[in-house]
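Take 1 as the starting number for the sequence shown in the UniProt record's numbering and just add one per residue. Cβ coordinates follow ideal geometry from the N, Cα and C atoms, glycine included. All of these numbers come straight from a predicted model, not from anything done at the bench. These notes are about the structure you will find just below.
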Amino acid sequence: MIRVLLVDDQPLIRSGFRALLDTEDGIEVVAEAADGDEGLALAREHLPDIALIDIQMPVIDGIEATRRIAADPALAGVHVVILTNYGLDEYVFNALRAGAAGFLVKDVQPEDFLHSVRVAARGDALLAPSITRRLIDRYVTQPLNTGTGTGLEELTTREREAVALVAQGLSNDQVADHMVISPLTAKTHINRAMTKLHARDRAQLVVLAYESGLVTPPSS
Numbered sequence: 001m002i003r004v005l006l007v008d009d010q011p012l013i014r015s016g017f018r019a020l021l022d023t024e025d026g027i028e029v030v031a032e033a034a035d036g037d038e039g040l041a042l043a044r045e046h047l048p049d050i051a052l053i054d055i056q057m058p059v060i061d062g063i064e065a066t067r068r069i070a071a072d073p074a075l076a077g078v079h080v081v082i083l084t085n086y087g088l089d090e091y092v093f094n095a096l097r098a099g100a101a102g103f104l105v106k107d108v109q110p111e112d113f114l115h116s117v118r119v120a121a122r123g124d125a126l127l128a129p130s131i132t133r134r135l136i137d138r139y140v141t142q143p144l145n146t147g148t149g150t151g152l153e154e155l156t157t158r159e160r161e162a163v164a165l166v167a168q169g170l171s172n173d174q175v176a177d178h179m180v181i182s183p184l185t186a187k188t189h190i191n192r193a194m195t196k197l198h199a200r201d202r203a204q205l206v207v208l209a210y211e212s213g214l215v216t217p218p219s220s
């Protein structure tokens, strides 16, 4: 059973997502919150698999709520998915850097929404390659702190190569094709890199690759 926490200050949005999730076998909405502070309390109480968190809320916004969840060892199993009204607004990349597993636009198609919840619950990549590329194009051109204390020196050559390909928006199968290895081996390289770099998920791996200087944004 995938346990979901809904955190959004708009009751209509929460009820819509809840109605959709309640129709699915294997998914349970365990709690709802109207602001980030209440959401944090309910996350600690219920330990959901997924926390769907609106990016803009009163009291504590989605970015700060995400940061606090990511920093709490007791909430290590909670995967945060940010909800936003825009495909890419100025807050999204900051949310990923704070520890979000990915994000969903609120007008997402129902089948895509349900699929994303299941993907995030598995701990797999929620960011589709096309979304990763859009993030890269718009956000990673901003100056970031690079180089020190990233843990890149712990990676093998093949792990570094796999991380670099992930950061360019490639799926596991595409990484495997590029490296001429099996998809399982590609996934192993990526998972080991995530462990060594202390990345909660693939989204953070992309951020770390750019912050560390392992990958540089394409010139426009």
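- The three-state secondary structure of L208, taken from DSSP, is helix.
- When rounded, the separation of the alpha-carbon atoms in R160 and L214 is 8 Å.
- The alpha-carbon of A98 is positioned some 31 Å away from that of T23.
- According to the DSSP assignment, V7 belongs to the beta strand (DSSP E) that extends over I2 to V7.
- Shown here, E24 sits in coil according to DSSP, grouped into three states, outside any helix or strand.
- DSSP lists I50 as the beta-bridge partner residues of H79.
- Under the three-state reduction of DSSP, A34 is assigned to coil, being neither helix nor strand.
- A contact is defined here as three or more CB-CB pairs under 8 Å, and the region 67–79 fails this definition with respect to the region 171–191.
- Rounded to whole angstroms, the separation of the alpha carbons of I50 and A120 is 7 Å.
- A167 sits away from V175, with the two beta carbons spaced by 7 Å or more.
- Within its own chain, the residues whose Cβ lies closer than 7 Å to the Cβ of M194, once the five positions on either side in sequence are excluded, are L205, listed in chain order.
- DSSP lists V4 as the bridge partner or partners of V29.
- Around the beta carbon of G26, fewer than 16 other beta carbons lie within 10 angstroms, which makes this residue exposed.
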